[in-house]
Amino acid sequence: MESNPKEAEPNRRSLVDVVFSWSLHDALNKDLYKGKVDKIPTTFSSVDDYKKSFINPLVEETHADLLSNLTKVAHAPVFEILDVKLISVGFKPPKYLRYDILLRRIVRSKKNEESDELQDDDLIALTDIRPKYVADLNRPNWSYTIASVTLKRNEDKYITILSSNQIMPDNMNWEKFSKGLKLFAVKVMNLKTNLRIWNALHWEGGNINVIQNILQTDASAGYRCSMCFLEEVNSSLLAKFRESIGLFKLDDSQEAAVVNCIATSACDHHHSVKLLWGPPGTGKTNTVASLLFVLLKMSCRTLTCAPTNVAVVGVTRRLLSLVEKASKYDTYGLGDIVIYGNAEKMKIDDHKDLLDIFLTYRVSCFLSFLCPLFGWRSSVESMICLLENPKQQYEVYINRLERCGCSNISCKEDHLRNTSQIRKHCQEYLALVKKNISDSEEREKEANKADRIRENVLTFEEFFMKRFNTLRKNLMSCMKNIYTNLPTSFISVEVAKRMMRALELLQTADSLMTTGFPAFGGLEEVLNAIKGVGKIAKNIRTLRGSITDFLQLLKDLRDTVYLPDMKEKYEIRSFCLKHATLVFCTASNSIDMHSLGMPPVKMLIIDEAAQLRECESNIPLQLSGLRHAVLIGDERQLPAMVQSKICEKADFGRSLFERLVQLGHKKLLLKVQYRMHPSISLFPNKQFYENMILDGSNVKEKNHEKHFLEGNMFGTYSFVHVPYGKEEYDNSHSQKNMAEVAVVIELVARLFEESGIRKQKVSVGCISPYKAQVDSIKEKLGDKYGAKAGNVFSVNVSSVDGFQGSEADVIIISTVRSNAKGSIGFLSNLQRANVALTRARHSLWVLGNGSTLENSGSVWKKLVMDAKSRGCFYNVQDDKKLAIAISGALISIRQLDTLVARSLLFQDAKWKVILGDSFVKSMSKISNENIKSEVNSLLMKIASGWHVLKGI
Numbered sequence: 029m030e031s032n033p034k035e036a037e038p039n040r041r042s043l044v045d046v047v048f049s050w051s052l053h054d055a056l057n058k059d060l061y062k063g064k065v066d067k068i069p070t071t072f073s074s075v076d077d078y079k080k081s082f083i084n085p086l087v088e089e090t091h092a093d094l095l096s097n098l099t100k101v102a103h104a105p106v107f108e109i110l111d112v113k114l115i116s117v118g119f120k121p122p123k124y125l126r127y128d129i130l131l132r133r134i135v136r137s138k139k140n141e142e143s144d145e146l147q148d149d150d151l152i153a154l155t156d157i158r159p160k161y162v163a164d165l166n167r168p169n170w171s172y173t174i175a176s177v178t179l180k181r182n183e184d185k186y187i188t189i190l191s192s193n194q195i196m197p198d199n200m201n202w203e204k205f206s207k208g209l210k211l212f213a214v215k216v217m218n219l220k221t222n223l224r225i226w227n228a229l230h231w232e233g234g235n236i237n238v239i240q241n242i243l244q245t246d247a248s249a250g251y252r253c254s255m256c257f258l259e260e261v262n263s264s265l266l267a268k269f270r271e272s273i274g275l276f277k278l279d280d281s282q283e284a285a286v287v288n289c290i291a292t293s294a295c296d297h298h299h300s301v302k303l304l305w306g307p308p309g310t311g312k313t314n315t316v317a318s319l320l321f322v323l324l325k326m327s328c329r330t331l332t333c334a335p336t337n338v339a340v341v342g343v344t345r346r347l348l349s350l351v352e353k354a355s356k357y358d359t360y361g362l363g364d365i366v367i368y369g370n371a372e373k374m375k376i377d378d379h380k381d382l383l384d385i386f387l388t389y390r391v392s393c394f395l396s397f398l399c400p401l402f403g404w405r406s407s408v409e410s411m412i413c414l415l416e417n418p419k420q421q422y423e424v425y426i427n428r429l430e431r432c433g434c435s436n437i438s439c440k441e442d443h444l445r446n447t448s449q450i451r452k453h454c455q456e457y458l459a460l461v462k463k464n465i466s467d468s469e470e471r472e473k474e475a476n477k478a479d480r481i482r483e484n485v486l487t488f489e490e491f492f493m494k495r496f497n498t499l500r501k502n503l504m505s506c507m508k509n510i511y512t513n514l515p516t517s518f519i520s521v522e523v524a525k526r527m528m529r530a531l532e533l534l535q536t537a538d539s540l541m542t543t544g545f546p547a548f549g550g551l552e553e554v555l556n557a558i559k560g561v562g563k564i565a566k567n568i569r570t571l572r573g574s575i576t577d578f579l580q581l582l583k584d585l586r587d588t589v590y591l592p593d594m595k596e597k598y599e600i601r602s603f604c605l606k607h608a609t610l611v612f613c614t615a616s617n618s619i620d621m622h623s624l625g626m627p628p629v630k631m632l633i634i635d636e637a638a639q640l641r642e643c644e645s646n647i648p649l650q651l652s653g654l655r656h657a658v659l660i661g662d663e664r665q666l667p668a669m670v671q672s673k674i675c676e677k678a679d680f681g682r683s684l685f686e687r688l689v690q691l692g693h694k695k696l697l698l699k700v701q702y703r704m705h706p707s708i709s710l711f712p713n714k715q716f717y718e719n720m721i722l723d724g725s726n727v728k729e730k731n732h733e734k735h736f737l738e739g740n741m742f743g744t745y746s747f748v749h750v751p752y753g754k755e756e757y758d759n760s761h762s763q764k765n766m767a768e769v770a771v772v773i774e775l776v777a778r779l780f781e782e783s784g785i786r787k788q789k790v791s792v793g794c795i796s797p798y799k800a801q802v803d804s805i806k807e808k809l810g811d812k813y814g815a816k817a818g819n820v821f822s823v824n825v826s827s828v829d830g831f832q833g834s835e836a837d838v839i840i841i842s843t844v845r846s847n848a849k850g851s852i853g854f855l856s857n858l859q860r861a862n863v864a865l866t867r868a869r870h871s872l873w874v875l876g877n878g879s880t881l882e883n884s885g886s887v888w889k890k891l892v893m894d895a896k897s898r899g900c901f902y903n904v905q906d907d908k909k910l911a912i913a914i915s916g917a918l919i920s921i922r923q924l925d926t927l928v929a930r931s932l933l934f935q936d937a938k939w940k941v942i943l944g945d946s947f948v949k950s951m952s953k954i955s956n957e958n959i960k961s962e963v964n965s966l967l968m969k970i971a972s973g974w975h976v977l978k979g980i
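The sequence shown begins at 29 in this note's numbering and counts up by one.
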């Protein structure tokens, strides 16, 4: 089916329809939407105009993602289709067929085994061969067919797919159809986020109040309510939450931002969007967490989103740390906080502190204490009965045991037993066995069975203790889970305190009982003491008090704790989301908050808002009841990644935060940075923030200045001139510079060695704008500094884009570019430069060809000139170990023409060997590896100043 991009895309039924309409030729045509995507404006005439402006760019971005992934189809996860069941019949385009298919994964890479699994909304290509090339998806005997995974089934291992083409005839049996035919499913990409954005852009009847507010061009619109007396509100809030805000240790700008946003949350007169501007290191996450803490205290229902799971986890953990510090009653109150999403992507297993508020784990806790057999109600009633009349409980057990019969060995797992009657019954049974069974082996087997029954019989004391311990564990688990996971609207603090008291009494009783009943004069005496009869020995008075008080508390709790009546996971999940005060998730996952019957959300907090495409922010911005949004970010750092060049020109990656800044909306500035040593912050502050950012007192202290290596070159801030490298392209047309790679490897090795000698904990970040350079550094480093380094030394190699939001003690930047023209490509991007130069805490070392960067006329020229004026510019050849490392790297890749004659080590040598062009050319023709190795070794010595001709 040929696509027609000229058609009005908004009229399509869904994004899947659009994707299915593309032929393989369309999918591989990078210019399919060229001239069809308009630049997204900064102002809009209506909400409808606003939403429509994102639709064609979204389609083109989806198309670019598909094109990129199809070209890598040879390396994509592959599944063999073992069975196909047709669900829908009567295939007539544009209707699509639904099938249930059974798959067997063909593992390509064990490293990515988990991520290779199919998920809902995955786009898969169906083929009759394992594709090696994209052309294999469309051949004379097989038409290009793609499908969307619409439902993943765990029970029968079938998944439901919606297919763009017919893969088997109507009503045809799969076994007949598949004779001599094999089918494969190739995972291409996931459409989930784009589908959610598409749906948000097409919603009718959604809440558009906040969106209407952001269409305005008036910078002051929505910033201050004329009906609220802001100063009075601020003073009132400060007075009410002074103690809480004091715990946060905020600076003046952070406190002002928190109070301003809280005052806005109290306004019910209008809708607003606020911008909280957080440059690098200014405590943005702590400020947001402080704001959320107060909103929690105010019971203001708030959704907190971010573009990525990492960002969501970061702000949630910081909020939890504040809650734990301020908590007076253990984990009570955490039921008002929920985080949800993909556990694997959030790495929940690495963040145990989040388990108590993670939705999936919370659902399992609910299922535990709501369980009819082993949950709260059952455990409470059983414990009361056991403590009030243990002998009666034992007799009930005995009666059940007798009905069960001794031949049922499994009954010993279900009951606790021992009386003379049971012993007698076992002996009679054994005699009967010996009398009636003639076969010796069978007789011996049955006799052993009866012996085992008799040997496992427990005394009354053993019965009581085993039963008590089982119920104690159940009750302790239930009570802890109840006051931790139930929202405070369902369990009062008084009930929670009684549960905590009950737990203390239960622990005391258990501790005393484990010393043994003989110490108390036996179980009978203990039970009499509990009942208040007989002599009360001094050593059991405490035990009696604990159990008596516990029993009374348990009865009170039985009569006052009312749990919601739910059995299914989806019911519990919905209940937790409905009753939470603070909810955390990615912007994409906030689609779940649009469920019918979900209570209104008053406040929306978007963290890292400058990295979120504006169209994606439409998902949470349309939440029911939403009145105010606070966007936290920094538009002077990198925006969201965009795959399509067409979309990049259309400003599709621009955030709502950045657009509002362009319109002149006022920003609340966090103006004190607490990360970088002043020598590091000096240049970015001047270059990117007009010197508006102040250095915090902590970074000015002497102990913040750390020297991890000896030498001026490796101080707090330096530019290391590496002129000998050469730009190279890898297979993906990304660039690398092996001379700079060698320098990075040498520096990391030295840092690791010094860290071990000094026993100094060091984190290192090696970053570069180019993926090829990142891959080369990772390849050279290998796993040398993994488990071997332990917790003392860590190294993280990443692209500049990937390192945004992170920081390290030492940052090594490899700029890569090295040419006479001063051409540096996207390295000149101001936002990328800002991110790269603001990640370091104590040391920042920039590697690059100073001449190239100076000739670029970009921000990097200013950086080189700044380094020279400050005396922080160094030549790599000033360090002999670095020079040798470069020499080895250039020899290994045969870049001899740039090596020997220009080597300062060589120039300093008393004896010199000059290699001519003919020698350099002949080196490239050597095929014998042994000879090549020997020559390389010789050249290494020459390059390092070896006196080759000495003695001649």
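C-beta: ideal position from N, C-alpha, C; glycine also. Quick caveat: nothing in here was measured; it's all calculated off a predicted structure.
Bridge partner(s) assigned by DSSP for residue i
i: Met527; result: BP columns for Met527 are empty, so no partner.
i: Val823; result: Val792
i: Gln701; result: Asp723
i: Phe130; result: Sequence inspection shows Leu at residue 130; the Phe mentioned does not correspond to that position. Beta-bridge pairing links Leu130 to Asp111 and Tyr186.
i: Thr173; result: Leu154
i: Gln763; result: Tyr757
Per-residue DSSP class, three states only, for residue i
i: Phe578; result: helix
i: Ala354; result: helix
i: Met200; result: coil
i: Asp620; result: helix
i: Asn222; result: helix
i: Asp936; result: Because Asp936 sits at a pLDDT of 47, beneath the cut-off of 50, its placement in the model cannot be relied upon, and the following sentence gives the value as read from the coordinates. Note: Asp936 maps to helix in three-state DSSP.
i: Arg867; result: coil
i: Cys289; result: helix
i: Asp679; result: coil
i: Arg687; result: helix
i: Lys630; result: coil
i: Val748; result: strand
i: Met594; result: coil
i: Lys563; result: Because the pLDDT at Lys563 is just 48, under 50, the model does not fix this residue reliably, and the value given afterwards should be weighed accordingly. It is coil, neither helix nor strand.
Of the listed residues the options, nearest to residue i (C-alpha basis)
i: Asp358; options: Ile236, Asn513 and Val301; result: Asn513
i: Ile660; options: Val670, Glu676, Cys675 and Leu640; result: Leu640
i: Gly810; options: Ile785, Ala102, Val825 and Gly625; result: Val825
i: Thr866; options: Tyr161, Val802 and Arg703; result: Arg703
i: Val112; options: Leu125, Trp202 and Glu756; result: Trp202
i: His622; options: Ile634, Glu636, Leu605 and Ile633; result: Leu605
i: Val521; options: Leu585, Ser505 and Lys501; result: Leu585
i: Asn241; options: Val301, Ala228 and Glu768; result: Val301
i: Thr536; options: Arg500, Ile919, Val343 and Cys413; result: Arg500
i: Lys730; options: Pro706, Ala767, Ile785 and Asp184; result: Pro706
Close-in-space but distant-in-sequence residues of the same chain around residue i (CB under 6 Å, 5 per side omitted)
i: Leu362; result: Asp384, Ile385 and Thr512
i: Leu319; result: Val286 and Cys289
i: Asp279; result: Val700
Integer Cβ distance of residue i from residue j, believed to fall under 8 Å
i: Asn646; j: Ile225; result: 7 Å
i: Val177; j: Ile195; result: With 8 Å as the limit, Val177 and Ile195 do not qualify as a contact, their Cβ atoms being about 14 Å apart.
i: Thr1024; j: Asp364; result: Past the edges of the chain, shown from 29 to 980, lies residue 1024, and the structure says nothing about it.
Same chain, Cβ closer than 7 Å to residue i, five either side skipped, listed in chain order
i: Ala524; result: Tyr357, Tyr360 and Tyr511
i: Pro712; result: Asn862, Leu865 and Thr866
Beta-carbon contacts of residue i that lie in its chain and below 8 Å, excluding the five residues immediately before and after
i: Ile852; result: Thr843, Arg845, Thr880, Leu881, Ser884, Ser886 and Trp888
i: Lys909; result: Glu774 and Arg778
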